[in-house]
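Encoded as C-alpha cells, the structure appears first; notes follow it.
2 protein chains.
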Amino acid sequence: MVEYIDTRLDYIFSALGDPTRRAILVDLLEGESKLSDLEIPYPMSLTAVSKHVKVLAKAGLITHEKRGRERYCKLDPRAMERARTWLHHYHRYWERKLDQLDSYLTASKIEEALKKHRESKG
Amino acid sequence: MVEYIDTRLDYIFSALGDPTRRAILVDLLEGESKLSDLEIPYPMSLTAVSKHVKVLAKAGLITHEKRGRERYCKLDPRAMERARTWLHHYHRYWERKLDQLDSYLTASKIEEALKKHRESKG
DNA sequence: ATATTAATGAACTATTTGGTTGACTGTTTG
DNA sequence: CAAACAGTCAACCAAATAGTTCATTAATAT
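Heads up: the sequence lines are chains P and G, in that order.
All residue numbers for the first sequence refer to our numbering, where the first residue is 32 and numbers rise by one.
All residue numbers for the second sequence refer to our numbering, where the first residue is 32 and numbers rise by one.
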C-alpha cells in the first residue's frame, strides 16, 4: 500500500516545490556552505535566503549550525530518501497494476483464441 | 548535473505536498474515478475536491474528462516520472560524492600507511 | 415534467508564502 | 576601539492556498 498521510512528506515535497530551495539543495551537493555563499538563481536578500534555509531545515532536508558569525548548512539525505521512497512505492504499485492489466489482456486474448479454436472445430 | 529550474517540477512537487492530493493520486492507482467517488481522507466539500483535482491536473499528474454530468480523473504517470527522475539524479549525484569521499578516505589511509611504513624502515 | 445529482463558478475568509526594508546582535578585522 | 560583516528579528506587503457557502448549469432518474 502507498501511504499518503505523513506530515513529514508534506514539508518535504512542499520544500522541493520551490526552485530556489532546489537550487540550494543542489548547491549543497558540493559540500557544506555558509548562507551567504549559497548560489541563489534569483537575486534576493539574505533575509529571504535565510527563510528558505529555515524551510529546508524544517523539512529535515538540511541541518545547519552557527559557527562564529556564519551559519553553515549541510545536507541531511534522510528526508530526501523519504521522498524517494514514497515515489518508489508509488511507482512500483503503478507498475504492478500495469502488469496485472497486461496479464488480463493476455488472458482475454487466450480466451478469445480458444473460443475461435472451438468454433473452428465445432 | 542536477537541474533545479523547471517550472513543471514546481507544480509537481507542490502538488505532492498536500496529503489530500497524495490520497487522490493513491486512490487513482486503482483506476479512474469520478470526482465524487474519490476517497478523501479529510471531510471537505466537493468544491474543495474539485479544486485539488485542478491543481493535480495543472501539475500534469492526472488528466480528466467530463462524461455526462460526471468528471472522470485518471493518472498521467509522466509527471510523476519527472519527479522521480529529479530525485533519482539527485540521489545518484549524492552517492557519487560519497564514493569520492570514500576513495579519498581510502587514499589518505594508504598515504598514512605508506608514511608509517617508510618511517619504520627509515 | 419535475426532482435529484454532479460538478462548477463566484464571492468571501483566514492562513501561508515569498519577498521586502530597517533596526539590531554578535563576530571579526583593521 | 571602530568599522565592516553575517545573520536574525520584526513589521509589513502582495499574492497564493485551502477552505467555505450559495447559486447555477447540465445531465439523469422518477
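Cβ atoms here follow ideal geometry from the backbone N, Cα and C, with glycine treated the same way.
Option in P:His83, P:Ala88, P:Met111 with minimal Cα separation from proline 50 of chain P: Position 19 of the first sequence, counting from 1, holds the residue named residue 50 of chain P. Closest option to proline 50 of chain P, judged by alpha-carbon separation, among P:His83, P:Ala88, P:Met111: P:His83.
task: Could you work out which residue in P:Glu96, P:Arg123, P:Glu112, P:Glu126 is closest to serine 64 of chain P when comparing CA atoms only?
output: Here the question's residue 64 of chain P lines up with position 33 in the first sequence. When each option's Cα is compared against that of serine 64 of chain P, the closest is P:Glu96.
message: Assuming the contact rule is C-beta atoms closer than 8 Å, alanine 90 of chain G and isoleucine 43 of chain G should be a hit. Round their C-beta distance to whole Å, please.
response: Counting from 1 along the second sequence, the entry for residue 90 of chain G is found at position 59. Counting from 1 along the second sequence, the entry for residue 43 of chain G is found at position 12. Right, the Cβ-Cβ distance comes to about 5 Å (below 8 Å), so this counts as a contact.
query: With 7 Å set as the bound, which would you pick, yes or no: does the beta-carbon of alanine 54 of chain P sit closer than that to a beta-carbon of chain G?
result: For the purposes of this step, residue 54 of chain P is taken as residue 23 along the first sequence, with counting starting at 1. By this cut-off, alanine 54 of chain P is an interface position.
query: Does the pairing of the segment 32-39 of chain P with the segment 52-69 of chain P give three or more beta-carbon distances under 8 Å?
result: Taking 8 Å as the limit for Cβ pairs, the verdict is that the segment 52-69 of chain P does not touch the segment 32-39 of chain P.
- prompt: Taking Cβ-Cβ distances shorter than 8 Å, what residues in chain G pair up with tyrosine 35 of chain P?
  reply: Position 4 of the first sequence, counted from the first residue, corresponds to residue 35 of chain P. Pro50, Arg53, Ala54, Leu56, Val57, Pro72, listed in chain order.
Contact check, leucine 40 of chain P vs tryptophan 117 of chain P, beta carbons under 7 Å: Looking up residue 40 of chain P in the first sequence gives position 9. Looking up residue 117 of chain P in the first sequence gives position 86. Taking the C-beta atoms as reference points, tryptophan 117 of chain P is found nearer than 7 Å to leucine 40 of chain P.
query: At what residues does the beta strand (DSSP E) containing isoleucine 55 of chain P begin and finish?
result: Numbered from 1 along the first sequence, position 24 holds the residue referred to as residue 55 of chain P. Unbroken run through isoleucine 55 of chain P is the alpha helix (DSSP H), 50-59; no beta strand (DSSP E).
- request: List the residues of chain G that tyrosine 124 of chain P touches, going by C-beta distances under 7 Å, in chain order.
  value: What you label residue 124 of chain P is simply residue 93 of the first sequence in a count that begins at 1. Listed by position along chain G, the residues whose Cβ is nearer than 7 Å to that of tyrosine 124 of chain P are Leu60.
Glutamate 112 of chain P (DSSP reduced to helix, strand or coil): Indexing the first sequence from 1 puts residue 112 of chain P at position 81. Helix, per DSSP.
query: Going along chain P in order, which residues have a C-beta closer than 7 Å to the C-beta of serine 45 of chain G?
result: For the purposes of this step, residue 45 of chain G is taken as residue 14 along the second sequence, with counting starting at 1. The answer, in chain order, is Ser45, Gly48.
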